[in-house]
Structure formats: structure tokens, C-alpha cells
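J.:
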Amino acid sequence: MAQAAQSLNPSPPLRHDHSVKRHTGLMDWITTVDHKKIAILYLWAGGLFFGIGGLEAILIRIQLIKPMNTFLDAQTFNELITMHGTTMIFLGVMPVIFALMNAVIPLQIGARDVAFPFLNALGFWTFLFGGVLLNLSWIMGGAPDAGWTSYTPLSTTQYSGTHGVDFYTIGLQIAGLGTLIGGINFLATIITMRAPGMSFMRMPMFVWASFITSAIILFAFPAITVGLVLLTFDRILEANFFDTSAGGNSVLWQHIFWIFGHPEVYILILPAFGIISEVIPTFARKRLFGYSSMVFATILIAFLGFMVWAHHMFTTGLGPVANALFSVSTMLIAVPTGIKIFNWLFTMWGGQVRFTTPNLFAVGFIPTFTMGGVTGVMLASAPADFQFHDTYFVVAHFHYVIVGGLVLGLFAGLHYWWPKMFGRMLNETLGKWTFWTFIIGFHLTFFVQHFLGLMGMQRRVFTYLPNQQFDLLNLISTIGAGLMGVGMLIFLTNIFLTSRKPADAPDDPWEDGRTLEWTISSPPPEYNFKQTPLVRGLDAFWKEKTSGHKTMTPAEPVGPIHMPSATILPFLMSVGIFIAGLGFMFSRDDFGNAFMGFMFNNYLVTAIGLVITFGSMLLRSLYDDHGWHIGPEELEGR
Amino acid sequence: MTTAHAEGAAGNLPHEPEKATLEGRNKVLAFWLFLGGESVLFGTLFATFLALRNQTNEGPSANELFHLPLVAAATFLLLVSSLTSVFAIQAMHRGKVAVLRNWLLVTVFLGLCFLVLEIYEFSVYVRHEEFGMTTSAFSSAFYTLVGFHGAHVAFGILWISVLIGQLARKGLTVVTAPKIYVSAMYWHFIDVVWVFIFTVVYLLGKVG
Amino acid sequence: MATEQHPASNGPVKHRHRQEGPQRHIVVFVFSVVLTLIAFAAVAAGGVNATFAVILLLVMAVLQVFLQMGFWMHLKDKGHLLPIIFMLGGFFIAGTCIVMALYWVWWD
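Residue numbers (the numbering used here), protein chains in the order written: chain A, 1 to 638; chain B, 1001 to 1208; chain C, 2001 to 2108.
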């Protein structure tokens, strides 16, 4: 926005130098619209949910450490596996992805903020309140217990009588709204906010990956929105979508869920591909091998990602034609993914590879993710899938791609961009300890699960009988899970120790930075770029470095920078949706209390929530945000 | 943004004021993206309806239920309102604020008429045909699909009404113009969805 | 394509002021009405072969949607490549859902 203003008027007089009301402390975080602060909010919130999901995983593994264990009962186990999956995917890793996208994308494209700072904040707060709502289920009558896929009829009121699944449908609905808003925002940002000279084919690979990811979000999330609405209506309004006794169809839920669910796993993995494609060239001191084939492969993966959903349903009984079609399309995805794997290997080939912590994670990612990919091709074979389905083989497969792929990628990205986000380098020694404990723990946990699955151990069952040769492998798996937990603790220690050090990271702390984020201070000033840089090629900063320049050529003179105002409205809107969701969920309950019954059964609570949300929206529309300016004097003063 | 209210106050707007600022262009682009997502949303609802269209659970079927004259009237109302919102945008491009406001008012009025017809239709089904949300899978799918569209119409009416108010208070500026343009896009999209609803739900329901 | 331009060069683009009149939109409107009438008439008349009716109705609907999105939503104008790509993407996924609903939900 500031860029356009300046191009319209090379040196506009400060026509409205609105006074700035700067908030401090908690108010600052609640009202911020700065993408760098929102990134940190996403990171802490995502980290919190990731921790919850991790604890749930540890509890699951403790229950399975020996046969016929009584540590947990079956109901608690069902709730734990449901919440572990749901929390990790929607509330753990996706926000951390959004944290990195928020922290890095505007910097990498040379922009001063995202296209819609207000929506950016709104996306965060709706995600957070959705996540809080979902996790409130633990203390409000029982968590969802129908698995993260929430298959009907298991998830209907007949078989899941508590409010657990309602928390799932409405919590995810609200969190999903935030994700969709974020996706649209990043698409618009990447399309319109790039610095002069940065054509689409000069964008860093992480930006490309985020762009494609956002497009998948845009097309996949509406499907789950509808699916969740239908399930909510079935459970609360007694509709009959999935009720076979009234003509409904439970296979329909599976289709809708996986039309969203399969693209969702590409929403998870593509940003990791992007991170790896940034980290490996930096630490190999070589440009990314096959940049354009990487772009092409990413687009192809996104397209194919929508065409394969029914491979989750081979055993549902779609018939041989559908099974064959989806089998072939699934195997096809191995081709663009293979292109990527080889491109990373060829990037390192002949490079001056430095094994810093981020690069260790990136290099560890490649074989680990490839193993997950290979079992994916095995699962794509429909006849073989009849054997693998619902066994620990599947559990091993998707943990190899999600933990061995995405989580290692996120670790690489967090270590890599930590100095840019916080101005402090994470400790390298502790970082390497994190890597080794985590990756060894990971393989201990999940490698053996392949064999458990092939031997016939079913997933989602809370215990198993002795003398099936499951005992030792399960023990190993649990020990591995503990080791992964240790790795996480080392990482948290690293963060804590680093936070007590002075923020003295240099602009280009890895010294071989290739992209625009390394041309500005760590952490960047709130306007990011004093002058918008001129991009002369792919890897813009590296290009300048090889031409003997230390800085970027500016594309504009120093002028006043227009900034959006902080606002509490996104927070209030999300609070409103949260209240409305809770109100709707309990609208059919008998409270045994006249006032509560009156408020909930007449949808008054829902109405209050919606009034808050739409009222805030109206305020936003009625009162224009004029923003404020940072004058050239202040810019030069730094 | 800097130029935003300055230019608006001066009163010499560019030909397409909705695209005069980066923020305006961002808004229009992002709204297109949103409509891409909305297409999937309605696509999934249509898919659900198509899957469950014959599951009447011994309740009324589409053929027994629908009356074409009512649907034709609703269709005509929405189609005309789409045309009037085109006229509104044309007036905006010419900078004629009063004409713009009048066409927006007509659009809102036609939208209201549509909504009244739909509510009447639903109430007839519920009261006289014993066809409610819980009757059958077909009824659930019908009310959800058509109701979602109706909710979109209702939101559009509120939205455009708020914009008419803003137009009166703030005038046509490079801040209000993108809002009006985007609301017109939304309104056309609602009409596009309705084309599929009257075809797939009502007409094909009659054909059987 | 306007969106392809770099932000700094995105100044006040000099639009050629071609003031389009209402005639074209009225033509689109008339076409839409005719297409709608054909669809309703085919059903109201009855006795039309069911398969033929399905094809006819869908063709009428798609034609009308193309007209309205092209002219009324300006997708035919310059600078709309990205909107077209994303709308087509949305329609494509929507179509995929509908194929799913028609062929893979019920066992037959």
C-alpha cells in the first residue's frame, strides 16, 4: 500500500499524519496487525497445541507399551487418538507453517506487509479460538472420540453421545475459517505485493510453495466447511445426511472428508518442500538445481493432490474402476515428488555443504521423507491396500511423511529463520542434540510400526493380546516416542536459553543468505524495507553479492511509509464466533436451570455471539482505517 | 491509500475508481479468489444434493413438491437484480452517485422480494407438505443447499444496504468504490449460483 | 495483465475512457431471459425425453453462466487472467465433487 502511494506521488506531503496510538504489553499483541508479530503469535499458539498433541501421543504410547495394559481405558484412548490427530494437524503444524509463512513471505518478496493486515490478524484469532474451543472439550463433558476422520455413523449422536464430536465440528469450522482467510491473504500478497523486478519465476521456492499451498487451502477448505456443516446439522438439527435409516449415506461423509483431507496433506508437506528448497541451496552455496522443474512439480503435485482422495477408501467398496483410477493417479504423484528429491540431491552435489542445524534437519528430511513416499506408493496399490488398511503400516506411513517430512522441515525452517524472527541465533550445539535425539527417536518409534502393521496389528485399538510377537516392537516404539519427547525438551531449552541472550544476530547470520530477508536487520523494523529493493534475478541477494554489492539497489527514494493501524476488532470478531459456536452446540441441552435453558435453547447465546462478530465487521466497514505514517526523518534516524 | 481520501475529496475520480489504489485492486483480486472458494463450497453442496436427491424416505419428492411459477418468479427477480447491479456499476464508472444509489436501492429491493418468496416457499413446504429439515435425506439436502443460497442473498442485502448508507455519508471515493464493486461481484455470483439451483434442483427435479 | 505488473509500476493507469452504454448488458439480459425461458418451457411442456431434457437444461445453464460471468463480472476483459484461473479451478473442483456424488456414493 505504501508502495503504491509512493509511486503515485514521489514525495507526497504528509497530508494526514495521524497521531499513532501505540499499545504496549498484552494489548499490543491482541491488537497487532504486523505480520512479524502475528507470525510469533502463530508460533506460540501452534507450539502450545503441538505440545498438547505431543503429550497425547506420549500417553497413547505408554498405553501400548505392553499387552493388555490398563493405563488408559478404551474410551479415553479413543479420545486421545482423535484429539492427537486433530490437534497435531489443524492446531499444531498448520499454525507453525503459517508462522513461517507470515514471518518470511513479505520479507522474501520485498513487501512491507501482507495484502490484508487486518485479515491476517483475523485469521490468527479465529484459528486460536477454534483451537481453544476444540480443546475445551476435555473439561466440558468429553473430547471427540470418533477418530480425526470422524467417520459416520460412528460420529453420529447414536454412537457418540457426548458433545465431543460437536466440539470437533464447530471447533474445526472456526479454525478452518481462519485458515481460509490466511490462504486468500497469502495468495493476494504474493500476486500483488512483490518488489519491482521479482517476476513469478524469480520468486524464492518457499514463496512458490506457499503460493500453491494457499491455492490448495482455497479449494480444499470449503469442502470440509460443507462436510462439517452437514455433520453439525445431523447432530444438532437432526438432519439426515448420513443417517441411513432416513435415506442418508455414510459413504458421502468419507468422500467429502477426503476430497478435503487428501489435499490437506499436501497443504502440510508443500511448505516443508519450500523450506528445504531454501535451506539446502544456502548451505550448499549453490543455486537450487532445476528451479523451474521444482515450480512445475509443485503445481503438478497440487493438481494431482485433488485427484486421489478415494485411495483412502479402497476398502469402502467403490468398485474396480474407481479403485484402479485412484490407484494410478496416486502412483503418478511419485513422479513430481521424485523430481524434487533428485533436485535437492543435485543441489548438494558439488556444493560446499555446511552441516549447520537447519541443514542437518534438511538433509535428514530427504531420506526420511522418501521412505514415507515409498510406503505411500505401496499403499496406492489397491489390492495390497486391503492388507495394509487400518493397520500400523498406515500409521507408520503417514508419520513418516508428516513427522519425517513436515516436522523435520519445520525444525529446519525454525532454526534457519529464528535469528530473522527474534534477532537471536539458536545454540548450534543444542540444535544438533535436538536433531539427533529427535530423528533417532522418530525412526525408533515408527520404523518398527511398519512391521507391526504387516504382522496384523490394527490401529485405533486400545490394547492387544500377548504372544502375537507385538510386545517387543511396541516397547521399542514407546522408547522411541520418549526419545522424541527428549528432543523436543532440548529444543525448548534451546529457545529458553537463547531468549536470555542479547538480540545481536547480524542481518545475514548464516553468511550465505540468498534471498531478500537477509538484506535487512534481524529482526526487521516494523516497516521491513526502508526502500523497496530492486530485484535483478532469482536469489536476489546472492545475485548482488556475486556482483560485488553488499546491499540491494533501492527501487524508490526514501519517503514516508504508510502503516496500517492496530485494531482490536479481529480479536472481538473471533470472540463473537467462539461464543456463537458454544451457544449453538448446547442449544438442544437440558440445563436444569431456567436462565441457562432460556439463553441457550432460544439461541440467544448464538445471537449474542453473532451480534459481536457482525457488529465488529460493521464497525470495520463504517470507519475507514487511515493508518499512520513513519516519516523519513525517523527512518534516517535509525 | 495516501491518495485515497485526498482524491475522493477533490472529486475527480479515475474512470475505474475501484482499481485506483493498490488496496482497491487487492480487494477485487482477493474477492475473486474468495469466489473461487465459494464455487467449491456450493459445488460440495450441489454434490450432496445430487447424491441424496432421490432419498425421500416416504416423504414428498421433488416432483410432488415444486411449483414452477413460483420458481420462475424468483428466478426473474434475481436475474433483473443482477442487471440492475450492472447498471449501478456503470453509473459508478461515470461518477453519477445519485444514479448509482438508486440502482443499488432497486437491487436491494429485488433481493428482498426474492427472499420473501423463498421464505414463503419454505413455509408452505413445512406447514402444508410436511416437508421439514428432518423429513428425509432429500429434505435435509434441499434445505441446506437452497438455504445456504438464501443466507447468501440475505447477507448481500445487508451488505449493500450498509454500502448505500456509506455512499450517502462518505460519497463515492477510492475507498468506497472497491467495496461497491466487490459487492456487485458478490451479487452476480449469487445469481450464477441460482442459475444452477433452478436448473439442477427445481427443473431437473421436475423432470425426475 | 494488470496483476502481473510490479507494484511500483502500478501507478494510476491511464484508462482509455470508453464509456460503454447499457445496450450490451441489456442484450446479455435478454439472452439470459431467453435461455431461462427455454429451460422452463421445456420442463413445463412435459413429454420431453428425460436424457435430452437433462442435456438441454445443463447447456442452457452453462451458457447463461458464461454470459453473465463474461460480461457482467467482466471476466472477458483484459487483466482477468488470474481471476479466470482461480474461478476455473473452483469450478473444476466443484465438478469433481459432483462426479463423486453421481458415480461413487451409491452401490449399483
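Positions of the beta carbon are idealized from the N, C-alpha and C atoms, including for glycine.
Within its chain, find whatever has a CB closer than 7 Å to the CB of Leu119/A; leave out the 5 residues flanking it on each side and keep chain order.
T.: Apart from sequence neighbours up to five positions away, the residues of its chain that approach Leu119/A with a beta-carbon distance below 7 Å are Ile181, Asn185, ordered along the chain.
J.: So, using beta-carbon positions, are Val474/A and Leu59/A closer together than 7 Å?
T.: In the sequence as presented, Val is not what sits at residue 474/A; that position holds Asn. In this structure, Leu59/A does not lie closer than 7 Å to Asn474/A by Cβ.
J.: Could you check how far apart the C-beta atoms of Val486/A and Thr437/A are, in whole angstroms? I think they sit under 8 Å.
T.: 5 Å
J.: Checking contacts by CB at 7 Å: is Phe219/A closer than that to chain C?
T.: Yes, contact with chain C.
J.: Using 10 angstroms around the beta-carbon of Asn1063/B, count the other beta-carbons present and answer buried if the total reaches 16, otherwise exposed.
T.: Classification of Asn1063/B: exposed, given that the 10 Å Cβ count is below 16.
J.: Is the stretch 1037–1051 of chain B close to the stretch 222–235 of chain A, with three or more CB pairs under 8 Å?
T.: yes
J.: Just to confirm my understanding: we take Val1182/B, look at its own chain, exclude 5 residues before and 5 after, and list those with CB closer than 8 Å. What are they?
T.: Within the same chain, and ignoring the five residues on either side of Val1182/B in sequence, the residues whose Cβ sits closer than 8 Å to its Cβ are Glu1018, Lys1027, Val1028, Phe1031.
J.: Assuming Gly247/A and Thr1107/B form a contact by the criterion Cβ under 8 Å, report the distance between their Cβ atoms to the nearest whole angstrom.
T.: Not really, about 39 Å apart at Cβ, beyond 8 Å.
J.: For the stretch 528–544 of chain A, which residues have a CB atom closer than 7 Å to at least one CB atom of chain C, in sequence order?
T.: Listed in sequence order: Thr532.
J.: Is it the case that the stretch 310–317 of chain A contacts the stretch 375–389 of chain A, given that we only count it when at least three CB pairs across the two stretches are under 8 Å?
T.: yes
J.: How is the alpha helix (DSSP H) around His397/A delimited, first residue to last?
T.: 392–401
J.: List the whole-angstrom C-beta distance separating Asn427/A from Asn494/A, where the pair is believed to meet the contact cut-off of C-beta under 8 Å.
T.: 5 Å
J.: Which chain C residues sit within Cβ distance under 8 Å of Phe1042/B?
T.: Ala2094
J.: Less than 6 Å between C-beta atoms, sequence neighbours within five positions excluded: which residues of the same chain meet that for Tyr464/A?
T.: Pro67, Phe470
J.: Which bits of chain A does Phe1122/B rub up against, with CB to CB less than 9 Å?
T.: Correct list: empty, because the minimum Cβ distance to chain A is about 14 Å.
J.: Suppose the cutoff is 7 Å on Cβ atoms and the five residues either side in sequence are ignored; what does the same chain contact list for Tyr1276/B look like?
T.: With chain B covering 1001 to 1208 only, the question about residue 1276/B has no answer from this structure.
J.: Pick helix, strand or coil for His562/A, following the three-state DSSP scheme.
T.: strand
J.: Against Phe446/A, what residues of chain B qualify as contacts under a CB-to-CB distance less than 9 Å, listed in chain order?
T.: Going along chain B, no residue has its Cβ under 9 Å from Phe446/A, so there is no contact; the nearest lies around 33 Å.
J.: With 7 Å as the threshold, decide whether the Cβ of Met1/A is near any Cβ in chain C.
T.: Residue placement at Met1/A cannot be trusted, given a pLDDT of 38 that sits under 50; the coordinates are not used to answer.
J.: Which residues of the stretch 1137–1149 of chain B have a Cβ closer than 9 Å to any Cβ of chain A? Give them in chain order.
T.: Ala1137, Phe1138, Ser1139, Ser1140, Ala1141, Tyr1143, Thr1144, Phe1148
J.: Pull up the distance between the alpha-carbon of Phe1034/B and that of Ile476/A, whole angstroms please.
T.: 48 Å
J.: Should the stretch 392–412 of chain A be regarded as contacting the stretch 286–306 of chain A, the criterion being three or more beta carbon pairs within less than 8 Å?
T.: no
J.: Please tell me whether Phe1049/B has its Cβ less than 7 Å away from any Cβ of chain A.
T.: Not closer than 7 Å to any Cβ of chain A, the Cβ of Phe1049/B fails to qualify, so no.
J.: Applying the 10 Å Cβ sphere with the 16-neighbour rule, what's the burial state of Thr330/A?
T.: buried
J.: Tell me whether Met455/A sits in a helix, a strand or coil according to DSSP, three-state version.
T.: Coil, per DSSP.
J.: Give the straight-line distance between the Cα atoms of Phe1122/B and Leu2082/C, rounded to the nearest whole angstrom.
T.: 39 Å
J.: In the DSSP assignment, the beta strand (DSSP E) including Trp518/A goes from what residue to what residue?
T.: Per DSSP, Trp518/A belongs to no beta strand (DSSP E) and is neither H nor E.
J.: Could you work out which residue in Ser250/A, Pro570/A, Leu410/A, Leu268/A is closest to Gly47/A when comparing CA atoms only?
T.: With distances taken between CA atoms, Gly47/A lies nearest to Leu410/A out of Ser250/A, Pro570/A, Leu410/A, Leu268/A.
J.: Say whether chain A places a C-beta atom closer than 7 Å to the C-beta of Gly2089/C.
T.: yes
J.: In its own chain, which residues sit with a C-beta less than 8 Å from the C-beta of Ala2042/C, not counting the 5 before and 5 after it?
T.: Val2048, Ala2053, Leu2056, Leu2057
J.: Given a cut-off of 7 Å, decide if Thr391/A and Gly480/A are closer than it, judged by their beta-carbon atoms.
T.: no
J.: Is it right to say Tyr1120/B is buried, meaning 16 or more other beta carbons lie within 10 angstroms of its own, or is it exposed?
T.: exposed
J.: Relative to the C-alpha of Ser1082/B, which residue among Phe2071/C, Val2059/C, Ile2098/C is closest?
T.: Phe2071/C
J.: With a threshold of 7 Å between beta carbons, is Thr1107/B in contact with chain C?
T.: no
J.: Of all Cβ atoms in chain A, is any one closer than 7 Å to the Cβ of Ala1010/B?
T.: Any answer about Ala1010/B is weak, because its pLDDT of 40 lies below 50 and its placement is not dependable; what the coordinates show is given next. Output row for Ala1010/B: interface = no.
J.: Tell me the rounded alpha-carbon separation between Tyr168/A and Ile174/A.
T.: 10 Å
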